[in-house]
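One structure is given below, encoded as structure tokens.
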Amino acid sequence: MNLKQGIALMSSVLAFGLATEAGAVCTQTAASNADRALWNTHGCWQDFFLWQYQAYGLRSGDWSNRGWNDACNVNLEFPKHWNASYLLTYGMADNLSQSFHGTTDYRATAEARSSNFHDSLYHSITDRTDVFGTFTPRFWPWDTDRVETACPLYNPNVSNSNPGSRAGDYMHEGWHAYFDKYSFNNGNVGGHRPGPQGACTINGCDYFYFHGIGAYAFGAMWENNGTASRFHSPNQVQVEFLCDVADQSQWWIPLSVRQTAAADANARAASRFINGPGYTCGSPRPW
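Just so we're aligned: the sequence shown equals residues -24 to -1, 1 to 263 in mature numbering (1 follows the signal peptide of the UniProt record, and there is no 0).
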């Protein structure tokens, strides 16, 4: 099946099943147990967050009332954003015989700079509560692609408000940017396929393109041959990352971070793949 069908301009990537209204201010009074547990492994590392805001293209106007000047307060959105980036940057084991992909793949998908993974982008934030995140392609050649994360990744009463799920959304939206760079059309439902269909239970489905461990050298996740034999979908990249957090992260990653990442991955695997359930965390590797 040839997947290269034309430019997919994806102004938003819907996160289905969230019933709350859009427009509310993200909760800034608490952080999840997983966020606090990871935070306690590094504390407020100034050198890291001063690097991170540049590496992810954050703009002060987007984050000015969200911890931009209070980067050590884990209750706020900017500290939660860089907390998830810390997990992605330092938390992966990079096990050649067990990991789906390496830190170099996940960083290149999430970070702002242009590469084989996507054109240049920047990370912003939205107060919407009906999505987890969105990707908006640049409208003009001199513009920049935008990745937004939303309140359900920051509000501590939502199960996805944890470092793994937040970084997992960097994967998901970053892969929509990858599709935009290479002009892949993955469907017209927020960059996904209509549903329910097959094992997918929502209106916004992907295929899981199975590959063995070691099929992609670290740094080569971006490679494709235009067919299903060597390809990734947005939900697949997200699930593979989350399962690497759950099963193949550094020994010091807190159990709560691993468990919440696995729960997110397995829920997606059960509901978002036409040929599902895809891969579930803890299953034997490689297949």
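No residue lacks a Cβ here, since even glycine has one placed at the ideal position from N, Cα and C.
Here the structure is a predicted model, which means the values were calculated and not measured.
| Item | Value |
| --- | --- |
| Distance CB(Ser232)-CB(Ala10) smaller than 8 Å | yes |
| Identity of the residues DSSP links to His99 by a beta bridge | Val123 |
| Limits of the alpha helix (DSSP H) - the one that Gly150 falls within | Pro139 to Tyr158 |
| Under the three-state DSSP convention, the category Ser225 falls into | strand |
| Residue environment, Gly190, which counts as buried when at least 16 other CB atoms sit within 10 Å | exposed |
| Gly258 versus Leu129, Gly19, Phe108 and Gln74, residue with shortest Cα-Cα distance | Gln74 |
| Assigned exposure category for Gly188 - 16 Cβ within 10 Å defines buried | exposed |
| For Arg244 and Val215, believed in contact at Cβ under 8 Å, the rounded distance | 5 Å |
| Simplified DSSP state of Cys219, which is helix, strand or coil | helix |
| Nearest-angstrom Cα separation, counted from His18 out to Asp145 | 22 Å |
| Spatially closest choice to residue 266 from Ala84, Phe184, His148 and Arg104, by CA coordinates | The chain is shown only over -24 to 263; residue 266 falls outside these bounds and no answer can be derived. |
| Nearest-angstrom Cα separation, counted from Gln235 out to Glu124 | 25 Å |
| Residues of its chain near Phe194, where Cβ-Cβ distance is below 7 Å and the 5 sequence neighbours each way are ignored | Asp70, His77, Gly78, Thr80 and Asp81 |
| Residue burial classification, Asn211 (beta-carbon count within 10 angstroms, cutoff 16) | buried |
| Meets three-Cβ-pair contact criterion under 8 Å: the region 41 to 49 and the region 105 to 113 | no |
| Stretch pair the region 89 to 97 + the region 153 to 160: three plus CB contacts closer than 8 Å | yes |
| Residue from Ile250, Asn164 and Val134 whose Cα sits closest to the Cα of Cys181 | Ile250 |
| Nearest neighbour of Tyr130, chosen from Asn200, Pro55 and Phe184 [CA to CA] | Pro55 |
| Pick from Ala239, Pro113, Ser247 and Ser135 that is closest to Ala175, judged by C-alpha positions | Ser247 |
| Per-residue DSSP class, three states only, for Tyr255 | coil |
| Burial state of Phe186, where buried means 16 or more other Cβ atoms lie within 10 Å | exposed |
| Pair within 8 Å by beta-carbon distance, Thr112 and Asp121 | yes |
| Cut-off 7 Å between Cβ atoms - residues of its own chain near residue 272, not counting five sequence neighbours on either side | Limits of the chain in this structure are -24 at one end and 263 at the other, which puts residue 272 out of reach. |
| Length-filtered (4 minimum) alpha helix (DSSP H) runs lying within the region 30 to 116 | 36 to 39, 53 to 66 and 79 to 86 |
| Secondary structure of Phe134, DSSP reduced to three states | Correcting the residue type first, residue 134 is Val in the shown sequence and not Phe. Coil at Val134, not helix or strand. |
| Cβ separation of Phe207 and Gly254, assumed to be a contact under 8 Å, to the nearest whole Å | Going by Cβ atoms, the distance from Phe207 to Gly254 rounds to 14 Å, so no, they are not a contact pair. |
| Nearest neighbour of residue 269, chosen from Met68, Ala143 and His99 [CA to CA] | In the structure displayed, the chain extends from -24 to 263; residue 269 sits before or after that span and is not available. |
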